[in-house]
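Enquirer:
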Amino acid sequence: MQFLIFIGAAVSLVFNIPYAWATITGRVRPNKVSWLLWTIAPAIGFFAALSKGWTWGQFPVLISFSTTALIFICSFINRKSYWAIERFDIMCGAVSVLALLVWGVTSNPNLAICFAILSDIMAAIPTAIKAWHYPETETWEPFAAGVFNAGTGFFAMTIWTFTSLAFPIYLVIINGILALIILRKKIWKGKVNV
Numbered sequence: 004m005q006f007l008i009f010i011g012a013a014v015s016l017v018f019n020i021p022y023a024w025a026t027i028t029g030r031v032r033p034n035k036v037s038w039l040l041w042t043i044a045p046a047i048g049f050f051a052a053l054s055k056g057w058t059w060g061q062f063p064v065l066i067s068f069s070t071t072a073l074i075f076i077c078s079f080i081n082r083k084s085y086w087a088i089e090r091f092d093i094m095c096g097a098v099s100v101l102a103l104l105v106w107g108v109t110s111n112p113n114l115a116i117c118f119a120i121l122s123d124i125m126a127a128i129p130t131a132i133k134a135w136h137y138p139e140t141e142t143w144e145p146f147a148a149g150v151f152n153a154g155t156g157f158f159a160m161t162i163w164t165f166t167s168l169a170f171p172i173y174l175v176i177i178n179g180i181l182a183l184i185i186l187r188k189k190i191w192k193g194k195v196n197v
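Quick note: the sequence shown uses the numbering used here, first residue 4, plus one each step.
1. According to DSSP, is Tyr137 part of a helix, a strand, or is it coil?
2. Please say whether Ala134 and Leu181 have beta carbons closer to each other than 8 Å?
3. In chain order, what residues of the same chain have a beta carbon less than 7 Å from the beta carbon of Gln5, not counting five sequence neighbours either side?
4. Assuming Trp106 and Ala119 form a contact by the criterion Cβ under 8 Å, report the distance between their Cβ atoms to the nearest whole angstrom.
5. With DSSP as the reference, label Glu89 as helix, strand or coil.
6. Hey, is the segment 174-191 in contact with the segment 19-38, meaning 3+ C-beta pairs nearer than 8 Å?
7. So for Asn111, helix, strand or coil by DSSP?
8. Which stretch, first to last residue, makes up the alpha helix (DSSP H) that contains Gly156?
9. Mapping DSSP to helix, strand and coil, what is Gly179?
10. Using CA atoms only, rank isn't needed, just tell me which of Ala46, Ala51, Ser54, Lys55 is closest to Thr70.
11. Can you tell me whether Phe18 is helix, strand or coil according to DSSP?
12. So what does DSSP say about Ile162, is it helix, strand or coil?
13. Give me the Cα-Cα distance between Pro138 and Thr166, rounded to the nearest whole angstrom.
14. Going by Cα to Cα distance, which pick from Asn34, Val108, Gly154, Leu7 is closest to Ile128?
15. If distances are taken between C-alpha atoms only, which option among Phe170, Ile116, Ile80 comes closest to Pro232?
16. What do you reckon, are the CB atoms on Thr130 and Ser37 nearer than 8 Å?
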């Protein structure tokens, strides 16, 4: 089943690399707060789960934080890809960082993953709000790829614990929500190109 992990990773790369390019060219405008924290939180989830031992089910989380790091870095290349950061974005970022700090003082991997998920949720809120009001500033494909990438991890899991399952389950849910937010107007009008 490990081949599914690699297929999921490939799908994630196929959709995230064009998103990174769209960021460079200014066709999408990612929220820097979200993308920075989307890099940090999965990294924590990955390394916390890794502290209990490696499983191939963690590979999608590794791909998740690697591709978000790429997009965050690309967001600095073109000024057109900039999205104004509001006070609410900063507040979400602060709560997200606070959750990361709480994780830092615990040695409990389960608690670390809970706080990584909380941090990631707070990071997602600014992008979800932006995508709701301005769906043209985002593309749905990287988020759909995130669902697929995280979902493939379940087929390769050999350890079925909260530590190994929590973050991949969360990634399926949050990426699905974000993809649907971006697509919702097209879905309602019957104009989705898949």
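Even glycine gets a Cβ: it sits at the ideal position worked out from N, Cα and C.
Just so you know, these numbers come straight off a predicted model, no measurement behind them.
Expert: Looking at the atomic coordinates:
1. As a working note, residue 137 is residue 134 in the sequence shown. Note: Tyr137 maps to coil in three-state DSSP.
2. As a first step, residue 181 is located in the sequence shown; it is residue number 178 there, counting from the start. As a first step, residue 134 is located in the sequence shown; it is residue number 131 there, counting from the start. It is a contact, given that the beta carbons lie within the stated cut-off.
3. Here the question's residue 5 lines up with position 2 in the sequence shown. Result list for Gln5: Trp59, Ala159, in chain order.
4. For the purposes of this step, residue 106 is taken as the residue at position 103 of the sequence shown. For the purposes of this step, residue 119 is taken as the residue at position 116 of the sequence shown. With 8 Å as the limit, Trp106 and Ala119 qualify as a contact, their Cβ atoms being about 6 Å apart.
5. For the purposes of this step, residue 89 is taken as the residue at position 86 of the sequence shown. Of the three classes helix, strand and coil, the one that applies to Glu89 here is coil, per DSSP.
6. no
7. On the sequence shown, position 108 is the one that residue 111 refers to. Note: Asn111 maps to coil in three-state DSSP.
8. Looking up residue 156 in the sequence shown gives position 153. Here the alpha helix (DSSP H) through Gly156 covers 144-159.
9. Translated into the one-based positions of the sequence shown, residue 179 becomes position 176. Correct three-state label for Gly179: helix.
10. Start at 1 with the first residue of the sequence shown, and residue 70 comes out as number 67. The residue with the shortest Cα to Cα distance from Thr70 is Ala46.
11. Sequence index remark: in the sequence shown, residue 18 carries index 15 (1-based). For Phe18, the secondary structure class from DSSP, reduced to helix, strand or coil, is helix.
12. Indexing the sequence shown from 1 puts residue 162 at position 159. Residue state, collapsed to three classes: coil.
13. The residue labelled residue 138 in the question sits at position 135 within the sequence shown. The residue labelled residue 166 in the question sits at position 163 within the sequence shown. Their Cα atoms are separated by approximately 34 Å.
14. Within the sequence shown, residue 128 is the residue found at index 125, counting from 1. Minimum Cα distance to Ile128 is reached at Asn34.
15. Past the boundaries of the shown model lies residue 232; the chain is included only from 4 to 197, so the question cannot be answered.
16. As a working note, residue 130 is residue 127 in the sequence shown. As a working note, residue 37 is residue 34 in the sequence shown. Judged by beta-carbon spacing, Ser37 lies within the 8 Å limit of Thr130, meaning their Cβ atoms are closer than that value.
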